[in-house]
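In our numbering, the protein residues as written are 1017 to 1246. Where is the CB? At the ideal position from N, CA and C, for every residue including glycine. Below is one structure; the comments refer to it alone.
Have a look at this one:
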């Protein structure tokens, strides 16, 4: 397993230790996916220590600042679109040749339920994730002849560091350290956990999904797709 991080080396090392403790092999690689040259360098670095790339999980992301279109600075727009769409485009361009050589591959993009709702005051994020999904669906058509499957997992609110920051912004409760106070109002009585997203990704990359490509699974407990009472 090759783990890419931009700034949080400590979290990358924690993930690496968990994989090593489970008996796996894991390496960490620094790089920012919104910089095209770093995407190319990342793939070269990974291939220098691994025999090839079979699975790619594109999970990089940052939140927008919650401003209206009229109040959004161009720098924020470009950064979010670059992080969520332009960077993944360049990363796929760099890693697909390895998958083609190996005769198979799985690419899973981590998007968001935001592309279904397109909420106000989030245009940079909405645009970036929508462009990501357009990339994924296009890539699924292009790479199917090469036995490369491309799919999308779209989470709702997840209890990660980013999810806690988002919840603080939504509720105004700056002291919030976890999302336990939101469990009661959440689908199934709990907030979505990282493992819920990982399980969807794992399924997409498993033999059980070998005939599935170009699809999008929304992992939000039905919170954004089911009406009250259903």
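- Under the three-state reduction of DSSP, residue 1173 is assigned to coil, being neither helix nor strand.
- Selection 1189, 1173, 1190, 1087 evaluated against residue 1199 yields 1173 as nearest (Cα-Cα).
- Beta-bridge annotation (DSSP): residue 1234 is paired with 1170.
- The beta-bridge partner set that DSSP reports for residue 1043 consists of 1018.
- Nearest to residue 1071 by C-alpha distance, out of 1020, 1110, 1124, is 1124.
- Per DSSP, the unbroken beta strand (DSSP E) holding residue 1121 starts and ends at 1121-1126.
- Secondary structure of residue 1208 (DSSP, three-state): strand.
- Residue state for residue 1189 is assigned as coil, using DSSP reduced to three classes.
- DSSP places residue 1072 in the uninterrupted beta strand (DSSP E) bounded by 1071-1074.
- Shown here, residue 1023 sits in coil according to DSSP, grouped into three states, outside any helix or strand.
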